[in-house]
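**Q** Numbering (our numbering), first residue to last: 60 to 263.
Cβ coordinates follow ideal geometry from the N, Cα and C atoms, glycine included.
Structure below; questions to follow.
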Ligand code: MP5
């Protein structure tokens, strides 16, 4: 089984996680500022959690996966700075509490961290691929949000996701199909909940 099979088998769930009214509003320029800022603050907390998870994943990765995972760790650290700069420009504090979806994601990453390497890598690929496709659906993005759309749709990010996919395919051959599938579906659900959360207080 390969990663593409997971996407093919669960196309409906994947679509729900990667096409969302939040992203449509980013594209159309109709997103309320407070919704965007809620997403920004929560995604900052998520990326901080992801950096810890990925650093530990790197520590237990086989030699062949070290380069792509190490590159990702460096990029995540730089991304935190990027978020901090945006928050500062908007006068936003980044020390908020995790809302439910963010906390659920953190708990999932922690569980994966305690389990086997292979499903954890599949999870990382799935969440990065979901973000790539989600932001692609918002292209080109209204001027106010364009920098964010570009951030997750640049060719370098797509190449990173492809590198993770190659590593995940290598890992999948030795992973139990059902375990990988369960992890994949959990990530898909978390991604969807994250977008729902961003709009939760002002569904329009
Ligand atoms: C990513 C993210 C992608 N920033 N937020 C969520 C909810 N899912 C996935 O991670 P990265 O490392 O920012 O590309």
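Apply the 10 Å Cβ neighbour rule to residue 200 and answer buried if 16 or more other Cβ atoms are within range, or exposed otherwise.
**A** Residue 200 should be labelled buried.
**Q** Compute the distance between the beta-carbons of residue 247 and residue 69, then report whether it is under 8 Å.
**A** In contact: residue 247 and residue 69 (Cβ atoms closer than 8 Å).
**Q** Please tell me whether, using a cut-off of 7 Å, the distance from the CB of residue 105 to the nearest non-hydrogen atom of ligand 1 is below it.
**A** Under cutoff, so the answer is yes.
**Q** Can you tell me which of the three DSSP states residue 131 falls into?
**A** Helix.
**Q** How about residue 95 and residue 253: do their beta carbons lie closer than 8 Å?
**A** No. Outside cutoff.
**Q** Once you ignore the five residues that flank residue 171 on each side, which residues in its own chain have a CB closer than 8 Å to its CB?
**A** So the list reads 112, 178, 179, 182 and 242, once near-sequence residues are dropped.
**Q** With DSSP collapsed to three states, give me the class of residue 262.
**A** Low confidence applies here, because residue 262 scores a pLDDT of 37, under 50, leaving its location unreliable; read the following figure in that light. Residue state, collapsed to three classes: coil.
**Q** For the alpha helix (DSSP H) that contains residue 211, what are its first and last residues?
**A** Run containing residue 211: none; DSSP gives neither H nor E here.
**Q** For the alpha helix (DSSP H) containing residue 201, list its first residue and its last residue.
**A** Looking at the DSSP string, residue 201 is not in any alpha helix (DSSP H), and its letter there is neither H nor E.
**Q** Any heavy atom of ligand 1 inside 7 Å of the beta-carbon of residue 253?
**A** Under cutoff, so the answer is yes.
**Q** Who are the near neighbours of residue 105 in its chain, counting only those whose CB is closer than 7 Å to its CB and skipping five residues on each side?
**A** 161 and 164.
**Q** Residue 46 to residue 77, Cα distance in whole Å?
**A** A question about residue 46 goes unanswered here, because the residues of the chain that appear run from 60 up to 263.
**Q** Can you give me the C-alpha to C-alpha distance between residue 63 and residue 232, rounded to a whole angstrom?
**A** Whole-angstrom Cα-Cα distance: 13 Å.
**Q** I need the DSSP call for residue 175, collapsed to helix, strand or coil.
**A** In the structure shown, residue 175 sits in coil (DSSP, three-state: anything other than H, G, I, E or B).
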